[in-house]
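Using my numbering, read the sequence shown as starting at 20 and increasing by one per residue.
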Amino acid sequence: MSDSWDDYAAEWDTNPDVIHYANLAFDSLCKYMDIADLAVLDFGCGTGSLTEKLSGKAATVVALDSSKKMIQVLEAKKIPRVNALVCDLAQESIDSQPLLQRKFDLIVASSVCAFVPDYLQTLSAFKALLKEGGTFIQWDWQRINPKDDFGFSAQDMERGYVQAGLEVERVGEGFSLTTAKGTMTVLMGIAKKTQ
């Protein structure tokens with residue numbers, strides 16, 4: 020997967036839809052919670068469109084992506100309080116990365132969970148990385164047709180959270196985005212680690 024995302028890295032920040040999506044995701048996050056002084060993990064951070072916004076308020080941000088070139092673009096921005104990592108969330112990666120040995124107050128995943136090979140395994144890794152009482156927030160395209168294999172339904176998100184041992188806080192429309200292809204709904208899922 021990372022090789023194909025590497026192909027997009029150089030031009031990613033010039034896509035107005037990418038920037039608009041990150042702005043809307045950040046706005047919806049700020050309406051839900053105050054992130055001041057939190058330790059945040061931005062999973063699937065890409066070139067850091069959302070990371071940059073998070074860093075303005077959070078205490079620290081670990082920005083993680085499997086694309087080496089996306090992370091290179093992010094690192095070139097030299098954003099304060101951001102540590103970038105090229106890795107996935109396989110247990111070996113978590114065990115070998117000192118920045119992933121800590122627990123996070125908040126984990127965000129913006130338009131990335133539809134691309135992971137094993138959603139439940141990823142959610143379980145998030146649970147392990149969250150502090151007690153920590154929050155996971157996901158934004159992904161809403162799947163309209165059940166036969167489609169891209170995106171999520173609200174039920175998909177809720178079922179995944181429950182199976183991973185997270186407490187469902189809220190799943191619903193986070194925002195909609197109008198592009199040249201039409202208007203699409205983005206679901207916002209929120210879950211907590213309570214045990």
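C-beta atoms are modelled at their ideal positions from N, C-alpha and C, and glycine is treated no differently.
>> For residue 157 and residue 209, what's the separation of their Cα atoms in angstroms?
In response: Reading the sequence shown from its first residue, position 138 is the one you call residue 157. Reading the sequence shown from its first residue, position 190 is the one you call residue 209. Answer to the nearest angstrom: the Cα atoms are 7 Å apart.
> So residue 194 is in the beta strand (DSSP E); what residue range does that whole segment cover?
Replying inline: Counting from one through the sequence shown, the residue named residue 194 turns up at place 175. For residue 194, the enclosing beta strand (DSSP E) stretches over residues 186-198.
> Taking the C-alpha atoms as reference points, what is the distance between residue 154 and residue 193?
Replying inline: Within the sequence shown, residue 154 is the residue found at index 135, counting from 1. Within the sequence shown, residue 193 is the residue found at index 174, counting from 1. Those two C-alpha atoms are separated by around 16 Å.
> Would you call the region 33-44 and the region 104-113 touching, i.e. three or more CB-CB distances under 8 Å?
Replying inline: These segments do not touch.
> Are three or more beta carbon pairs between the region 92-103 and the region 52-67 nearer than 8 Å?
Replying inline: Enough Cβ pairs lie closer than 8 Å, so yes.
>> For residue 169 and residue 200, I'd like the C-alpha separation in whole angstroms.
In response: In the sequence shown, counting from the first residue as 1, residue 169 sits at position 150. In the sequence shown, counting from the first residue as 1, residue 200 sits at position 181. Using only the alpha carbons, I get a separation of about 16 Å.
>> Are the CB atoms of residue 48 and residue 127 within a distance shorter than 8 Å?
In response: For the purposes of this step, residue 127 is taken as residue 108 along the sequence shown, with counting starting at 1. For the purposes of this step, residue 48 is taken as residue 29 along the sequence shown, with counting starting at 1. A Cβ-Cβ contact shorter than 8 Å links residue 127 with residue 48.
>> Mapping the DSSP letters down to three states, classify residue 152 as helix, strand or coil.
In response: Within the sequence shown, numbered from 1, the residue matching residue 152 stands at position 133. Correct three-state label for residue 152: strand.
>> Are the CB atoms of residue 41 and residue 72 within a distance shorter than 8 Å?
In response: Here residue 72 refers to the residue found at position 53 of the sequence shown. Here residue 41 refers to the residue found at position 22 of the sequence shown. Contact check for residue 72 against residue 41 passes: the beta carbons are separated by less than 8 Å.
>> Using only CA atoms, which one of 88, 105 and 56 lies nearest to residue 78?
In response: For this step, residue 78 is matched to residue 59 along the sequence shown. When only C-alpha atoms are compared, the closest one is 56.
>> Please classify residue 53 as buried or exposed, where buried requires at least 16 other C-beta atoms within 10 Å of its C-beta.
In response: One-based indexing of the sequence shown puts residue 53 at position 34. Result: exposed.
> Taking the beta strand (DSSP E) that residue 131 falls in, what are its first and last residues?
Replying inline: Taking the sequence shown and counting its residues from 1, one reaches residue 131 at position 112. That residue, residue 131, is in no beta strand (DSSP E); it is neither H nor E in DSSP.
> For residue 121, is the classification buried or exposed, using 16 other Cβ atoms within 10 angstroms of its Cβ as the cut-off for buried?
Replying inline: To locate residue 121, count along the sequence shown from 1; it is residue 102. The residue in question, residue 121, is exposed, as its Cβ has fewer than 16 Cβ neighbours within 10 Å.
> What did DSSP end up calling residue 179 once you bin it into helix, strand or coil?
Replying inline: The count along the sequence shown starts at 1 and reaches residue 179 at position 160. For residue 179, the three-state secondary structure derived from DSSP is helix.
> Between 88, 46, 50 and 43, which lies nearest to residue 63 when the distance is taken from Cα to Cα?
Replying inline: Your numbering for residue 63 matches position 44 in the sequence shown. Ranked by Cα distance from residue 63, the options 88, 46, 50 and 43 are led by 88.
> Since residue 83 sits in a beta bridge, which residues does DSSP pair it with?
Replying inline: In the sequence shown, counting from the first residue as 1, residue 83 sits at position 64. Paired residue(s): 62 and 104.
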